[in-house]
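Chains L and B are the protein sequences, given in the same order.
To convert, note that position 40 of the first sequence is 40 in my numbering; the numbers rise steadily by one, no gaps.
Whatever position you read off the second sequence (first residue = 1), add 219 for my numbering.
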Amino acid sequence: MKTTIPLIIVLVGGIIGIIFQFIPHEFVQTINDEILNYFRVLSFFALPLGIVSILMVHTGKIRRKAQHWQYSIILILTIFFMIVTGFVFGTDRFDPRLANYGWNTIFMFMFQQVQIPIESTMFSLLAFYISTAAYRAFRARSKEATILLVASLIVMLGQVSVGQMIPIIGDYIPVISNWIMSNPNMAAKRGILLGVALGMLGTSLKIILGIERAYLGRA
Amino acid sequence: MKSFYERIMHIDRRIIYAIIMIVVLIPLIWSLNLKTYHTEPITKIYNRLEQNHKNAKKNGVKPKPVFMCVTYGGSAKPELHPMTRSVLRHCYLRGIPVISFAFEPEAAKIAEDIMDEVAFEYGAVYGKDYACFGFKYPPLPLILGLGTNAKEALKEDVRGNKYEDIPVMHGIRTYDDIDLLFDFSASASWMTWVVYAKSRFNQDIAVGLTGVMVSQAYPYLETGQLVGILTGLKGAAEYEDYLMKMEKETEYSSMREKNLKVYLTLTQANITPTSKNYVDIAERLLRNTPEGEFEKKLKDYYDIAQNLYYKKYFAKELSARESKAKNDAEKKSLLNDILSQNQDKVKELDYLFLKDFKKKYNDLLATSISENKRAMVGMDAQAIAHVVIILFILIGNIGFFLSKWR
């Protein structure tokens, strides 16, 4: 029973989901809209679930004094700090260009002046990793590697204005770069996309027909 | 001891990091003003919005609105924010209504911020020229809902106004009533728009993506499923270049000065920029006040701001006298009494207030000008970084061939 009911729900839900895509009748679409509303309500429960889950993981780390447990304290404190400041002082926005108008809030200050710069900084590190990775990986060890190397150099030059400033060949670099992006790159991407789409189709059918049951908590 | 070719094949990564950091910093400090070249994916988007404006002008109607889905957080903000700003500038300049929403709570705040910030500079009025619907989740019901009943899908904006009460939303029932849909994304959300909004409702879509994601979108551009792609910082720089030319042609700079004056005066007068009161006053000043009366009308709000400044300075004296005042009429005249008794101080305060006002105004103007070419400056740094990375790759390969030759 524990297995049968979820399987029936998935089978019926999956089939309805597919059929409703092909029936534009108003009655069917009204039911579809209602189902989408349920979807919205259900997705809300992901938020408390996420908070509870993260608290359980990190309180566990603190109790066990696991490696870097101190960071877990900061994480938990920060979560509650943001929740409390958001609820108590509101989330009105603060214009960093013009302070002192009485409509700034701690929540938005933390968001604009702490969270966003931290995230941007983390992402900017990617440029440094890419630089060293490109230096180490792009070696003309074989014919294929040489083609990849030449293509990457052209695309890199084509992406910035410096490429066009090279005498004689400068005008051709963006053209070749664009050709690489919209032909060989696109052909490869299409192949991957088709493969992914077919894979998704197969997996969806397996889930709907009850062949794939990993979501039930067992393989 | 390591040979020369071994050394150039294995340069310490810390040296590479240091060199990259230096070459990225230099153009950010001293602008190189490298030329910006235009590419097709960006030009298509620009032309599409221009066409919308031209069609509306020809038919004597308001341009069709655009939807803007903002789905990026702080991590992708440096790359995607300049392009969002550019598209907003274009829309506000051409009077194209913009309606935004976001699939992430973080992105919703970013969208509100940028829409308001650009609106204050470009004289766009909330509710009439743009609206923000904030965080909408999950994406699928919204994407499908916009195809059947936009009012039901969006319901209420971030300021608590009902869909039907927002003038800019009047006449928007489904995708059929909008021109273009933008998705500024650091995730795969744009694919969901293509799968559902394009294939099911034939909605035209343009995307703004981070540089590393761009190659994934090319197949969709070629098939016409995407109108255009704003390709990372480079795409944003190209768009900024288009807009700079357009602003020169339309002599926009004097309009911006007027808009910023209104914004600053009202905020100094403690009129919260996101309030209904601000919207009404800004609209009256910018749209319904004859040119000759503008300065006079604005002066009224400047006086309010100045009075607040006096009140702040004489706060202690004012509260002491207020406690002794017998009635409301007496209370009201207290500030005037204090000011007439301290005329020398008032002159000094007037000077300080004006000085502070001018400083803030100049800061706003300078920020606006620098923000409008942020991607172009960023591209200078990126161009030099690309050249340095290419040099490192070549050095590594020279070492590799030398080692093979030996």
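Built from N, CA and C at the ideal position, the CB exists for glycine as well.
{"Check": "Contact check, B/Leu-399 vs B/Val-285, beta carbons under 8 Å", "Outcome": "yes"}
{"Check": "Supposed contact pair B/Ile-318 and B/Val-387 - C-beta distance, whole angstroms, cut 8 Å", "Outcome": "7 Å"}
{"Check": "Beta-carbon proximity list for L/Gly-102, same chain, < 8 Å, skipping 5 on both sides", "Outcome": "Low per-residue confidence applies at L/Gly-102: pLDDT is 44, beneath 50, and the placement is therefore not dependable, though the value from the model is reported in the following sentence. Cβ within range, chain order: n/a, list empty."}
{"Check": "B/Ala-275 at chain L interface by Cβ criterion, 8 Å", "Outcome": "no"}
{"Check": "Cβ-based burial, B/Thr-255 [other Cβ within 10 Å; buried from 16]", "Outcome": "buried"}
{"Check": "Burial state of L/Ala-99 (16 or more Cβ within 10 Å)", "Outcome": "Note that L/Ala-99 scores a pLDDT of 47, beneath 50, so its modelled location is shaky and nothing firm can be said."}
{"Check": "Chain B within 8 Å of L/Tyr-101, Cβ atoms only", "Outcome": "At L/Tyr-101, the pLDDT of 43 sits below 50, so the modelled position is not reliable and the matter cannot be decided from this model."}
{"Check": "Exposed unless 16 or more other CB atoms sit within 10 angstroms - verdict on B/Gly-443", "Outcome": "exposed"}
{"Check": "Assigned exposure category for L/Phe-80 - 16 Cβ within 10 Å defines buried", "Outcome": "exposed"}
{"Check": "Beta-carbon contacts of B/Lys-355 that lie in its chain and below 6 Å, excluding the five residues immediately before and after", "Outcome": "Phe-320, Leu-361"}
{"Check": "Three CB pairs or more closer than 8 Å across the segment 289-296 of chain B and the segment 111-119 of chain L", "Outcome": "yes"}
{"Check": "The alpha helix (DSSP H) enclosing L/Leu-148, as first and last residue numbers", "Outcome": "143-158"}
{"Check": "Inter-stretch contact at 8 Å, needing at least 3 Cβ pairs: the segment 591-602 of chain B / the segment 295-313 of chain B", "Outcome": "yes"}
{"Check": "Continuous beta strand (DSSP E) assignments of at least 3 residues falling wholly in the segment 505-567 of chain B", "Outcome": "none"}
{"Check": "Interface partners of B/Lys-328 on chain L, CB under 9 Å", "Outcome": "Thr-91, Arg-93, Met-108, Phe-111, Gln-112"}
{"Check": "Cβ-Cβ separation, B/Gly-366 to B/Arg-419 (assumed contact under 8 Å), whole Å", "Outcome": "6 Å"}
{"Check": "Closest residue to B/Ile-588 among B/Val-446, B/Leu-462, B/Tyr-521 (Cα-Cα distance)", "Outcome": "B/Leu-462"}
{"Check": "Proximal residues, the segment 308-342 of chain B versus chain L, C-beta separation under 7 Å", "Outcome": "Lys-328, Glu-331, Asp-332"}
{"Check": "The beta strand (DSSP E) enclosing B/Ala-350, as first and last residue numbers", "Outcome": "349-354"}
{"Check": "DSSP beta-bridge partners of B/Tyr-345", "Outcome": "B/Tyr-349"}
{"Check": "Whole-angstrom distance between B/Gly-454 and L/Ala-219, CA atom to CA atom", "Outcome": "For L/Ala-219, the predicted model reports a pLDDT of 48, less than 50, meaning its position is unreliable; a value from the coordinates is still stated below. Straight-line Cα distance between these residues: approximately 46 Å."}
{"Check": "Proximity below 8 Å, CB of B/Ala-544 to CB of B/Leu-537", "Outcome": "no"}
{"Check": "Coarse secondary structure for B/Ala-321, derived from DSSP in three states", "Outcome": "strand"}
{"Check": "Simplified DSSP assignment, three categories, for L/Tyr-101", "Outcome": "At L/Tyr-101, the pLDDT of 43 sits below 50, so the modelled position is not reliable and the matter cannot be decided from this model."}
{"Check": "Top-ranked residue by Cα proximity to L/Thr-91, from B/Gly-279, B/Lys-328, B/Ser-408, B/Gly-314", "Outcome": "B/Lys-328"}
{"Check": "Residues that DSSP places opposite B/Val-289 in a beta bridge", "Outcome": "B/Ala-321, B/Phe-403"}
{"Check": "Sequence-distant residues of its chain with Cβ nearer than 7 Å to L/Phe-20 (five each side left out)", "Outcome": "Val-28, Asn-32"}
{"Check": "Interface flag, B/Phe-619 vs chain L, CB-CB below 8 Å", "Outcome": "yes"}
{"Check": "The segment 517-529 of chain B / the segment 567-576 of chain B touching (three or more Cβ pairs under 8 Å)", "Outcome": "yes"}
{"Check": "Proximal chain B residues relative to L/Gln-221, where beta-carbon distance stays under 7 Å", "Outcome": "No answer is possible for residue 221 of chain L: the residues shown for chain L start at 1 and end at 219."}
{"Check": "Buried versus exposed, by CB contacts within 10 Å (16 or more), L/Arg-64", "Outcome": "exposed"}
{"Check": "Min CB distance L/Ile-116 to chain B below 8 Å", "Outcome": "yes"}
{"Check": "Inter-residue spacing [alpha-carbon to alpha-carbon] between B/Ala-416 and B/Gln-422", "Outcome": "6 Å"}
{"Check": "For B/Glu-590 and B/Arg-475, believed in contact at Cβ under 8 Å, the rounded distance", "Outcome": "No, B/Arg-475 and B/Glu-590 are not in contact; Cβ-Cβ is about 12 Å, not under 8 Å."}
{"Check": "Spatial neighbours of B/Phe-619 in its chain, beta-carbon cut-off 7 Å, leaving aside the 5 residues before and after", "Outcome": "Met-228"}
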